[in-house]
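Structure first, commentary second.
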Amino acid sequence: MKRFAAYRIWALWLAASALLAAWFAWAVQTPGEQSVFMPGQTTHAHHQIEMKCATCHGEPFKGAEGIQQACLSCHAAELKAMDDSHPVSKFTDPRNAGTLAKLDARQCVTCHTEHKREITHPAGVTLPDDFCIRCHAGVEKERPSHKGMAFTSCATSGCHNFHDNRALYEDFLIRHGHGDAAKSAGVVRERGLKEFMVYMDYLDGEPVTAAEMDGRVELQPTPAVVKNWEHTAHAKAGVNCSACHQVNPGKGGEPVWVKRPDHQVCAACHKPEVDGFLSGLHGMRLKQGLSPMQPGLAELPMKPDAAHKSLSCTSCHGAHTFDTRRAAVEACLSCHDDGHARAYKASPHFALWHEEVQGRGPKGSGVSCATCHMPRIEYLTPEDETRTLVQHNQNDNLRPNEKMIRSVCLSCHTLQFSLDALADGALVTRNFMGLPKHHVDSIRMALEAEKRGQARNAASGTAGDEE
Amino acid sequence: MRKLIPLAALGCVLGQPALAAEWTHKEIADALHSIMEADRTVYTKLIVNRLQNQEKVIKASEHWKDDKALVLPAQMFRYGSEAVAEKGAKFSYSLLSLWPVNKQNNAKTPVEKEGLEAVLKGDPYYKTETLGGKKYFTAIYPDKAVAKACITCHNDHKDSPRKDFKMGDVMGGVVVRLPIQ
Ligand code: HEM
Ligand code: HEM
Ligand code: HEM
Ligand code: HEM
Numbered sequence: 042m043k044r045f046a047a048y049r050i051w052a053l054w055l056a057a058s059a060l061l062a063a064w065f066a067w068a069v070q071t072p073g074e075q076s077v078f079m080p081g082q083t084t085h086a087h088h089q090i091e092m093k094c095a096t097c098h099g100e101p102f103k104g105a106e107g108i109q110q111a112c113l114s115c116h117a118a119e120l121k122a123m124d125d126s127h128p129v130s131k132f133t134d135p136r137n138a139g140t141l142a143k144l145d146a147r148q149c150v151t152c153h154t155e156h157k158r159e160i161t162h163p164a165g166v167t168l169p170d171d172f173c174i175r176c177h178a179g180v181e182k183e184r185p186s187h188k189g190m191a192f193t194s195c196a197t198s199g200c201h202n203f204h205d206n207r208a209l210y211e212d213f214l215i216r217h218g219h220g221d222a223a224k225s226a227g228v229v230r231e232r233g234l235k236e237f238m239v240y241m242d243y244l245d246g247e248p249v250t251a252a253e254m255d256g257r258v259e260l261q262p263t264p265a266v267v268k269n270w271e272h273t274a275h276a277k278a279g280v281n282c283s284a285c286h287q288v289n290p291g292k293g294g295e296p297v298w299v300k301r302p303d304h305q306v307c308a309a310c311h312k313p314e315v316d317g318f319l320s321g322l323h324g325m326r327l328k329q330g331l332s333p334m335q336p337g338l339a340e341l342p343m344k345p346d347a348a349h350k351s352l353s354c355t356s357c358h359g360a361h362t363f364d365t366r367r368a369a370v371e372a373c374l375s376c377h378d379d380g381h382a383r384a385y386k387a388s389p390h391f392a393l394w395h396e397e398v399q400g401r402g403p404k405g406s407g408v409s410c411a412t413c414h415m416p417r418i419e420y421l422t423p424e425d426e427t428r429t430l431v432q433h434n435q436n437d438n439l440r441p442n443e444k445m446i447r448s449v450c451l452s453c454h455t456l457q458f459s460l461d462a463l464a465d466g467a468l469v470t471r472n473f474m475g476l477p478k479h480h481v482d483s484i485r486m487a488l489e490a491e492k493r494g495q496a497r498n499a500a501s502g503t504a505g506d507e508e
Numbered sequence: 056m057r058k059l060i061p062l063a064a065l066g067c068v069l070g071q072p073a074l075a076a077e078w079t080h081k082e083i084a085d086a087l088h089s090i091m092e093a094d095r096t097v098y099t100k101l102i103v104n105r106l107q108n109q110e111k112v113i114k115a116s117e118h119w120k121d122d123k124a125l126v127l128p129a130q131m132f133r134y135g136s137e138a139v140a141e142k143g144a145k146f147s148y149s150l151l152s153l154w155p156v157n158k159q160n161n162a163k164t165p166v167e168k169e170g171l172e173a174v175l176k177g178d179p180y181y182k183t184e185t186l187g188g189k190k191y192f193t194a195i196y197p198d199k200a201v202a203k204a205c206i207t208c209h210n211d212h213k214d215s216p217r218k219d220f221k222m223g224d225v226m227g228g229v230v231v232r233l234p235i236q
């Protein structure tokens with residue numbers, strides 16, 4: 042009797058284990074059921090796609106090498122574009138073996154670990170703020186100005202970044218310190234999409250009238266749609282209904298009419314805009330083949346009544362009313378509801394925007410949400426032409442915030458003013474209402490280093506500036 | 056880019072056991088260096104020295120993108136070396152000096168220190184060294200001031216610790232490293 046009971050317990054145990062194993066095997070492969078395996082919450086950057094494990098871990102799990110490849114599949118292009126100061130190729134040389142023992146700068150995850158919210162700093166950095174010192178201890182020997190500086194100050198004071206130093210490098214500071222580059226225009230550059238499309242012969246630029254609309258039978262537009270459409274940039278540039286509403290099914294099939302074209306249709310003519318949109322927090326879920334992002338899923342404060350809106354091109358650009366001015370402020374504020382966004386309408390920047398919209402301020406003198414977060418940048422097209430492009434990845438210049446200096450602030454402000462304003466966190470929260478209370482000393486230091494160099498040249502009798 | 060083609064070809068040679076047995080490490084390093092030195096001299100003389108110093112058409116600048124200028128000879132060399140590293144080549148190379156403008160180009164390992172001193176006499180230096188637990192054949196070749204542009208630029212540079220380079224001086228060294236199996 043006793044022996045029989047023991048046998049039963051073993052059988053029970055075996056059955057329970059098998060069930061558990063089967064459940065794990067099922068859950069680990071079933072999207073939506075994988076959350077039990079999550080070792081910890083992911084960072085703000087990746088929370089939207091955290092339930093799609095394979096995006097970062099590879100399919101099947103590929104280990105460390107797979108993870109590095111995953112990071113690069115989304116971030117390699119931007120690192121190249123920002124002239125990364127610490128590219129991996131600088132560290133693979135065997136002479137850096139000693140350096141790598143202090144900090145393995147070949148792997149993204151050395152500094153950006155995931156699933157560790159409790160130790161995550163801005164920009165997803167998971168090392169303590171003094172990491173620069175591991176390799177740059179003793180800078181004060183070369184740079185007397187750095188004597189006595191706190192070990193945590195290098196990358197937190199508005200002076201240096203690990204990757205992007207395009208607005209911080211010494212000669213840039215010196216040039217601006219001399220005032221050579223301070224001739225700011227006071228306006229941002231103009232867009233010229235239609236001109237580009239006509240120049241490339243993608244469009245003839247001849248307007249289409251309501252009478253010439255080619256989708257009337259198939260799409261049955263309401264009179265309001267027809268009326269709105271007539272005033273769009275598309276109608277004025279000769280883009281007819283079929284351009285967006287007739288899509289090719291591929292494999293030589295007949296084109297079909299669709300009522301609600303998606304972002305992939307827009308990409309036929311606006312590829313860089315769509316790529317940008319898919320790369321930031323607005324479009325990253327779509328890029329991963331997930332349902333679109335909704336404000337209700339956000340970590341940032343959002344308007345409650347926007348919770349169930351889905352992000353797409355039409356969130357900001359009404360399908361048949363593309364008012365880019367609405368897209369640049371009112372659209373943002375229809376969802377965003379954090380302190381910085383709410384403060385915007387009290388700022389001098391908004392006042393300038395208001396003046397421009399009212400037709401009183403010059404073109405490009407207003408500062409909208411988009412002026413800073415979706416700036417107009419110079420872009421080299423795949424056809425090797427340069428054109429002004431609206432950067433649709435609003436994370437591209439967001440962190441560290443010195444990235445905004447070149448693409449945005451310098452159009453109107455000096456470098457010193459911009460550095461100071463961006464280093465003042467409270468001012469950012471107030472959306473730049475008031476003057477900076479912080480002072481970044483780097484320009485003065487760079488000018489002094491220049492003087493020391495000149496003094497050394499004078500002492501050794503070399504020619505000085507050689508033209 | 057063109058300089059990568061012969062380098063890549065040699066990289067393939069390195070990967071071939073049959074040939075590697077016939078070529079000593081020293082010979083391979085010497086061959087690699089002869090290409091590097093030739094390309095470096097051509098770039099400095101035909102591009103930088105001619106356009107900047109003689110014809111005064113365009114300057115060379117560290118910040119060539121912002122300044123719309125020519126890439127410095129040392130940067131040309133380093134970008135090539137980084138591109139080779141990105142391709143996963145087995146060898147590596149760099150340009151160092153005892154008087155570096157860029158402090159990252161200072162001697163780091165004991166062999167680099169000894170070698171940079173040794174090449175000041177004008178001859179190459181060879182040694183094996185162990186880095187990160189792996190053994191390497193390290194060759195260091197003198198890098199000489201072959202054009203006026205070399206010395207004016209270094210002597211005037213605010214970050215240069217040495218201001219009295221003359222034509223023909225050894226300004227630094229090219230370090231070539233081959234792994235030893
Ligand atoms: C993938 C979908 C999208 C497409 C295809 C698209 C396309 C475009 C195009 C073609 C322009 C005009 C660019 C020019 O004239 O050079 C533009 C401007 C603009 N877009 Fe989008 N867009 C998309 C999504 C969005 C979203 C989601 C937002 C808002 C979060 C947005 C905000 C803006 C703003 C504010 C401007 C005007 C910026 C300025 O005047 O400087 N767009 N977009
Ligand atoms: C041109 C107008 C807009 C601007 C300038 C703008 C700006 C931004 C910025 C800078 C971020 C990234 C924040 C971060 O990384 O912390 C972001 C995220 C986001 N935005 Fe917008 N936005 C605009 C329009 C909209 C609209 C119309 C919606 C709603 C339909 C929206 C919903 C969201 C959501 C859901 C996120 C992700 C937040 C999260 O994951 O926590 N945005 N936006
Ligand atoms: C109502 C219009 C605006 C919206 C909806 C908006 C949206 C946002 C969002 C969502 C963030 C991220 C906040 C977070 O991480 O908690 C942000 C940060 C920021 N925004 Fe705006 N913004 C607007 C206007 C502006 C303007 C006009 C400027 C420039 C003058 C600007 C400059 C910045 C900067 C510098 C940051 C901080 C980046 C950082 O330090 O992490 N924003 N904004
Ligand atoms: C992220 C980049 C920018 C930052 C950090 C920034 C910061 C600031 C700050 C702190 C103020 C002082 C506000 C006050 O006095 O209450 C200001 C004012 C101003 N900004 Fe910006 N700004 C940026 C971009 C721009 C751009 C692109 C323009 C021009 C298109 C611009 C035009 C102005 C003007 C004209 C004023 C003075 C307004 C007045 O005094 O009424 N700013 N900005």
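Chains as they are written, first to last, in the numbering used here: chain A, 42 to 508; chain B, 56 to 236. A virtual CB, placed ideally from N, CA and C, is assigned to each residue, including glycine.
- Message: How far does the beta strand (DSSP E) with S147/B in it extend, from its first residue to its last?
- Response: For the purposes of this step, residue 147/B is taken as residue 92 along the second sequence, with counting starting at 1. From DSSP, the beta strand (DSSP E) with S147/B extends over 147-151.
- Euclidean distance between Cα positions of S136/B and N137/A: Translated into positions along the second sequence, residue 136/B becomes position 81. Translated into positions along the first sequence, residue 137/A becomes position 96. Using only the alpha carbons, I get a separation of about 14 Å.
- Item | Residue closest to H87/A, alpha-carbon to alpha-carbon, out of P135/A, G256/A, C115/A | Position 46 of the first sequence, counted from the first residue, corresponds to residue 87/A. Taking only the C-alpha atoms, the option nearest H87/A is C115/A.
- Name the chain B residues whose beta carbon is nearer than 8 Å to that of Q495/A? To locate residue 495/A, count along the first sequence from 1; it is residue 454. Neighbours of Q495/A on chain B, chain order: K213.
- Task: Can you give me the start and stop residues for the alpha helix (DSSP H) that T151/A sits inside?
- Result: In the first sequence, residue 151/A corresponds to position 110, counting from 1. Per DSSP, T151/A belongs to no alpha helix (DSSP H) and is neither H nor E.
- Task: Starting from the beta carbon of S149/B, find every residue of chain A whose beta carbon is closer than 8 Å, and list them in chain order.
- Result: As a working mapping, residue 149/B is identified with position 94 in the second sequence. By Cβ distance, chain A contributes D134, R136.
- Message: Please list, in chain order, the chain A residues whose beta carbon lies closer than 9 Å to that of Y181/B.
- Response: Here the question's residue 181/B lines up with position 126 in the second sequence. Those do not exist, as Y181/B stays about 16 Å from chain A at its closest Cβ, beyond 9 Å.
- Task: Check the DSSP bridge columns for I195/B and list the partner residues they point to.
- Result: Your numbering for residue 195/B matches position 140 in the second sequence. Bridge partners of I195/B: Y180/B, V230/B.
- Chain-order list of residues whose beta-carbon lies under 6 Å from that of E507/A (same chain, five-residue window excluded): In the first sequence, the residue the question calls residue 507/A occupies position 466. Because E507/A sits at a pLDDT of 40, beneath the cut-off of 50, its placement in the model cannot be relied upon, and the following sentence gives the value as read from the coordinates. Cβ neighbours of E507/A beyond the five flanking positions: none.
- Give the DSSP bridge partners of I113/B, in chain order. Here residue 113/B corresponds to residue number 58 of the second sequence, with the count starting at 1. Looking at the DSSP assignment, I113/B forms no beta bridge with any residue, so it has no partner.
- Item | Backbone CA spacing between G199/A and C176/A [nearest angstrom] | Position 158 of the first sequence, counted from the start, is the residue given in the question as residue 199/A. Position 135 of the first sequence, counted from the start, is the residue given in the question as residue 176/A. Each residue's alpha carbon lies about 20 Å from the other.
- Please check the pair E295/A and H85/A, which I expect to be a contact at CB under 8 Å, by giving their CB distance rounded to whole angstroms. In the first sequence, residue 295/A corresponds to position 254, counting from 1. In the first sequence, residue 85/A corresponds to position 44, counting from 1. So it is not a contact: roughly 45 Å between Cβ atoms.
- Item | Contacts of D212/A in chain B (Cβ-Cβ under 8 Å) | Against the first sequence, residue 212/A aligns to sequence position 171. Here the neighbours are E117, H118.
- Taking the continuous beta strand (DSSP E) assigned at I160/A, which residues delimit it? Along the first sequence, read from residue 1 onward, the residue named residue 160/A stands at position 119. Element bounds for I160/A: n/a, residue is neither H nor E.
- Span of the beta strand (DSSP E) around L421/A: What you label residue 421/A is simply residue 380 of the first sequence in a count that begins at 1. Its beta strand (DSSP E) spans residues 417-421.
- Message: Is E507/A close to chain B? Criterion is C-beta to C-beta, closer than 8 Å.
- Response: Here the question's residue 507/A lines up with position 466 in the first sequence. Residue confidence for E507/A is low, a pLDDT of 40 falling below 50, so the modelled location carries little weight; the figure read from the coordinates is stated next. Yes, E507/A counts as interfacial toward chain B.
- Query: Which of the three DSSP states, helix, strand or coil, is assigned to L168/A?
  - Reply: One-based indexing of the first sequence puts residue 168/A at position 127. It is coil, neither helix nor strand.
- Task: Just confirm the distance between the C-beta atoms of H377/A and M343/A, as a whole number of angstroms; I'd bet it's less than 8 Å.
- Result: The residue given as residue 377/A occupies position 336 in the first sequence. The residue given as residue 343/A occupies position 302 in the first sequence. The Cβ separation is near 7 Å, so the contact holds.
- Task: List the endpoints of the continuous beta strand (DSSP E) containing R428/A.
- Result: Reading the first sequence from its first residue, position 387 is the one you call residue 428/A. Note, R428/A: beta strand (DSSP E), 427-431.
- Message: On the CB-based measure, 16 or more other CB atoms within 10 Å of its CB, does K131/A come out buried or exposed?
- Response: Your numbering for residue 131/A matches position 90 in the first sequence. By the 10 Å Cβ count, K131/A comes out buried.
- Alpha carbon to alpha carbon, what distance is there between N210/B and R217/B? Translated into the one-based positions of the second sequence, residue 217/B becomes position 162. Translated into the one-based positions of the second sequence, residue 210/B becomes position 155. If you take the alpha carbons of R217/B and N210/B, they lie about 7 Å apart.
- Item | At least three beta-carbon pairs within less than 8 Å, the stretch 295-315 of chain A to the stretch 264-279 of chain A | no
- Please name the residue, chosen from T429/A, E183/A, T250/A, V69/A, that lies closest to G277/A on a Cα-to-Cα basis. Translated into positions along the first sequence, residue 277/A becomes position 236. For clarity, residue 277/A is Lys in the given sequence; the question names Gly instead. With distances taken between Cα atoms, K277/A lies closest to T250/A.
- Query: Per DSSP, Q287/A is paired with what?
  - Reply: For the purposes of this step, residue 287/A is taken as the residue at position 246 of the first sequence. Looking at the DSSP assignment, Q287/A forms a beta bridge with W298/A.
- Query: CB-CB under 6 Å to G317/A, same chain, minus the five flanking residues each way: which ones, in chain order?
  - Reply: For the purposes of this step, residue 317/A is taken as the residue at position 276 of the first sequence. Closer than 6 Å at the Cβ level, and outside the excluded window around G317/A, lie Q432, H433, N434.
- Message: Rounding to the nearest angstrom, what Cα-Cα distance links A348/A and Y385/A in this structure?
- Response: For this step, residue 348/A is matched to residue 307 along the first sequence. For this step, residue 385/A is matched to residue 344 along the first sequence. Near 21 Å, if we compare the C-alpha coordinates of Y385/A and A348/A.
- Message: Let me make sure I understand the geometry here. Which of G223/B, K190/B, D94/B has the alpha-carbon closest to that of Q236/B?
- Response: Position 181 of the second sequence, counting from 1, holds the residue named residue 236/B. The residue with the shortest Cα to Cα distance from Q236/B is K190/B.
- Other residues of its chain near H286/A: CB distance less than 7 Å, five sequence neighbours each side excluded: What you label residue 286/A is simply residue 245 of the first sequence in a count that begins at 1. Closer than 7 Å at the Cβ level, and outside the excluded window around H286/A, lie G256, L260, W298, V299, P302.
- Item | First and last residue of the uninterrupted alpha helix (DSSP H) at A138/A | For the purposes of this step, residue 138/A is taken as residue 97 along the first sequence, with counting starting at 1. In the DSSP assignment, A138/A falls within the alpha helix (DSSP H) that extends over 138-143.
- Task: Measure the C-alpha to C-alpha separation of L393/A and G220/A and round it to an integer number of angstroms.
- Result: Counting from one through the first sequence, the residue named residue 393/A turns up at place 352. Counting from one through the first sequence, the residue named residue 220/A turns up at place 179. A straight line joining the alpha-carbon of L393/A with that of G220/A spans about 25 Å.
- Item | Own chain partners of A178/A with C-beta closer than 8 Å, once the 5 adjacent residues on each side are dropped | Residue numbering aside, residue 178/A sits at position 137 when the first sequence is read from its first letter. If we look at A178/A and ignore the five residues flanking it on each side, it has no Cβ neighbours.
- DSSP three-state assignment for N210/B, whether helix, strand or coil: Within the second sequence, the letter at position 155 stands for residue 210/B. Taken through DSSP and simplified to helix, strand or coil, N210/B comes out as helix.
- Taking only the alpha-carbon atoms, compute the straight-line gap between R367/A and D134/A and give it to the nearest angstrom. Position 326 of the first sequence, counted from the first residue, corresponds to residue 367/A. Position 93 of the first sequence, counted from the first residue, corresponds to residue 134/A. Their Cα atoms are separated by approximately 51 Å.
- Task: Take H361/A as the anchor and find which of P264/A, E396/A, L421/A, L451/A has the nearest alpha-carbon.
- Result: Within the first sequence, residue 361/A is the residue found at index 320, counting from 1. If we check each option's Cα against that of H361/A, P264/A comes out closest.
- Query: Out of V166/A, F237/A, C149/A, which has the shortest C-alpha to C-alpha gap to D425/A?
  - Reply: In the first sequence, the residue the question calls residue 425/A occupies position 384. For D425/A, the nearest C-alpha among the options comes from F237/A.
- What does Y191/B reach in chain A if we use C-beta pairs closer than 7 Å? Numbered from 1 along the second sequence, position 136 holds the residue referred to as residue 191/B. Those within 7 Å of Y191/B in chain A are P135.
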